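Below you'll find the structure, written out as structure tokens, and then a few comments.
There are 2 protein chains.
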Amino acid sequence: MRATLIYGRGDVRVEEVPDPVLVEPGDAIVRVTRACVCGSDLHRYRGMEPTTEGLRIGHEFMGVIEDTGADVRSVKRGDVVLVPFLWCDNTCDFCRDGLHGSCRNGGRWAMNGLDGGQGEAARVPQADGTLVKVPVGADDPLVPSIMALSDVLPTGHHAAITANVGKGSTVAVIGDGAVGLSAVLSAARLGAERIILLGRHQARTDLGRRFGATDVIPERGEEATAAVRDLTNGDGAPYVLECVGNAPAFETALTIVRDGGTISRVGVPQYAEARLDFDVFMRNITITGGVAPARRYIPELLAEVLDGTITPGDMFDLTVDLNDVAEGFRAMNDREALKALVRP
Amino acid sequence: MRATLIYGRGDVRVEEVPDPVLVEPGDAIVRVTRACVCGSDLHRYRGMEPTTEGLRIGHEFMGVIEDTGADVRSVKRGDVVLVPFLWCDNTCDFCRDGLHGSCRNGGRWAMNGLDGGQGEAARVPQADGTLVKVPVGADDPLVPSIMALSDVLPTGHHAAITANVGKGSTVAVIGDGAVGLSAVLSAARLGAERIILLGRHQARTDLGRRFGATDVIPERGEEATAAVRDLTNGDGAPYVLECVGNAPAFETALTIVRDGGTISRVGVPQYAEARLDFDVFMRNITITGGVAPARRYIPELLAEVLDGTITPGDMFDLTVDLNDVAEGFRAMNDREALKALVRP
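Residue numbers (the numbering used here), protein chains in the order written: chain H, 48 to 391; chain Z, 48 to 391.
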């Protein structure tokens, strides 16, 4: 089959790789009908050292079950399934605690011999735990919104949930990428009253307003801090959702958060250390968040996609064939596209 | 009057300074009957650059009201009062939220012309908000336990509260200083079932056991991590109370906390940056804590001191006269004393 490999900075190729086969009795083989390029894929696209072998890539996908191992009970050949960006058993103590990213029998795609999502098919371990059957066809108009549930919407939701956003909250969201816009949508869904979106790409911030942002701040750095404080009685926002993952974004989060407030990080950190100094201590700032347990949130969010309450698929503004996946990376990296769907 | 000044590393002196006088109508003058040396005072004792002028020092004290400004209503001449380690109005929005360290009209002792606690008297701003009247004499046997409410017990309590320790919790406490032992006592008080104390001074860890520690780990670094994990099914502790404040203690906290767990920092950080990397992110670790709102916690804790439920005064193992305060610093710095009372 064909699959995407990344060989280094800016070097994404589609090549022939072995077809997946069932290995464990809990496995399923999924023929991929849609995949996405993720903002976190771009971290490697921008900074990865060249390799001669190439690495499989992609962790957001959906498809049709082609085959199942002897132990699989919840899905069967022909079912349309959504695949969360981490696989998990959904039964261990960590999963029961809602911490699927720490599943005792789970892991990440495109690592340790597993397929990535950006290919024609994938072996899915722990199929009963991982996969979510969706009650629509593989080409249904709802597919883009369903695809957003693989990673970005649950990730934005995780930011809002771990920060404890609720009815009447004042929230600042850093970043107008797909995760930032998902955080806006999630905060609005949870009843936030004021949602301040920090972003400078008007097409994206306009979508952010449709998703519920009440204020948009295009400034960066100290000017952004001043603007947020102007909107919040000089105090900053009690809830800050950091949806970028680089060091300047985290520093902005520290300067716009209210004393006693919470910063939830859901952008994969591109730094090893960050400021946790006397100032952060005296202001009683809480740092939370982390990798989202998408599998935990999908049923609740899927129900609202299916009934039309939320339309996170509005974030997809480019669709490429698998053979053109490199163009999807390029367009997202150049900020021509917000989020790309890939069609094998 | 006499007061303590610090001139640099290891250089603590008692000198004549001006007597405090009422400045604002909300002020009170307190004649100090007891003060303490705090572990955070030792940070300067160990590392402060020499000065020619000396800095006032001390932030834990109690005493007798000598005079009050025209607006003071809650205390009067002759009352015995406990003084929290931060002063505050106890009425602003931050105080009402329980965040007295961010009081809009509060601040720290021994700064900006204010007296420190280690002297014969002090001007107390915002006396109605700051001071807590205690219903015992200035030489009552309960005085040491009351003095522990000025800072260390509320600080340990803050660690347990912000980490959300509750009935049945498994808690690890890093540090066997007065704050660490206070965190043990607080966790026990809140119903923690297992309290693992990391400390290597047996007299202190023995007191920790009396306060509620169920396990003591004298190892440090990787060996401490292995020992905590041995006690916790290999997973680490869901609640880690970091009561030291240096970089190795924070790193230990990161390695002994369970995925999805919380580290509460109440040791004043002696570092500017700390690890908040991909590992911390993937494990969904929350970092919380900060400076304690002692004023908020004192009424509840004082009631239990007065009725004998808790005896945090057991931590004091040295009493020095004010003229000998330098000996209190030395003994604590050399770990001969756990916590020193100062008698002006």
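All C-beta atoms, glycine included, are put in the ideal place defined by N, C-alpha and C. Because the structure is a prediction, the values reported are computed rather than measured.
Collapsed DSSP secondary structure at H:S425 in the structure displayed: Chain H is shown only over 48 to 391; residue 425 of chain H falls outside these bounds and no answer can be derived.
The segment 97-111 of chain Z / the segment 137-148 of chain Z touching (three or more Cβ pairs under 8 angstroms): no
Residues in the segment 299-329 of chain H having any Cβ partner in chain Z nearer than 8 angstroms: D306, G307, R312, V315, P316, Y318, A319, E320, A321, R322, L323, D324, F325, V327, F328 and M329
Contact belief for Z:T138 with Z:G176 at Cβ below 8 angstroms, rounded distance in angstroms: 6 angstroms
Interface residues of chain H facing Z:G148 [CB-CB closer than 9 angstroms]: D306, G307, M329, R330 and N331
Where Z:V338 meets chain H, residues with beta-carbon distance less than 7 angstroms: F328, M329 and N331
Residues near H:D364 in its chain [Cβ-Cβ closer than 7 angstroms; skip 5 each side]: A384, L385 and K386
Secondary structure, alpha helix (DSSP H): runs of 4+ residues fully inside the segment 130-172 of chain H: 140-143
CB contact check: H:I104 to chain Z, cutoff 8 angstroms: no
Which of helix, strand or coil DSSP assigns to H:F297: helix
Within chain H, partners of Z:D144 - CB distance below 8 angstroms: G307
Under 8 angstroms by beta carbon: chain H residues contacting Z:F141: D306 and G307
Cβ pair Z:V372, Z:V127 closer than 8 angstroms: no
Runs of beta strand (DSSP E) lying entirely within the segment 332-386 of chain H, each at least 3 residues, in chain order: 333-336 and 365-368
Short Cβ contact (8 angstroms threshold) for Z:D136 with Z:P67: no
H:L89 - containing alpha helix (DSSP H), residue span: G86 to G94
Beta carbon of H:N380 nearer than 8 angstroms to that of H:L89: yes
Inter-residue spacing [alpha-carbon to alpha-carbon] between H:A75 and H:W156: 14 angstroms
Below-8 angstroms beta-carbon distance, H:I334 vs any chain Z residue: yes
Identity of the residue in Z:G268, Z:T272, Z:A225 and Z:G355 nearest Z:T252 by Cα: Z:A225
Beta bridge counterpart(s) of H:Y286 as assigned by DSSP: H:V218 and H:T309
Whole alpha helix (DSSP H) elements within the segment 218-262 of chain Z, 4-residue minimum: 225-236 and 249-258
Per-residue burial, Z:V183 [other beta carbons within 10 Å of its own, 16 or more giving buried]: exposed
Three-way DSSP call (helix, strand, coil) for H:R124 in this model: coil
Rounded Cβ spacing between H:I242 and H:A234 (contact assumed at less than 8 angstroms): 5 angstroms
Residue of H:G215, H:K214 and H:I208 minimising C-alpha distance to H:A230: H:I208
Counted within 10 angstroms of its Cβ, other Cβ atoms place Z:M158 as buried (16 or more) or exposed: exposed
Selected residue, minimal CA-CA separation from H:G125, among H:G110, H:D118 and H:V119: H:G110
Any chain C beta carbon closer than 8 angstroms to Z:L178: Of the chains in the structure shown, none is chain C; the protein chains are H and Z.
Proximity below 8 angstroms, CB of H:G166 to CB of H:A50: yes
For Z:L388: DSSP bridge partner residues: Z:C83 and Z:T366
Secondary structure of H:L323, DSSP reduced to three states: coil
For H:A260 and Z:R256, the rounded distance between their alpha carbons: 52 angstroms
From Z:M362, Z:G153, Z:V315 and Z:V263, residue whose alpha carbon lies closest to that of Z:G336: Z:V315
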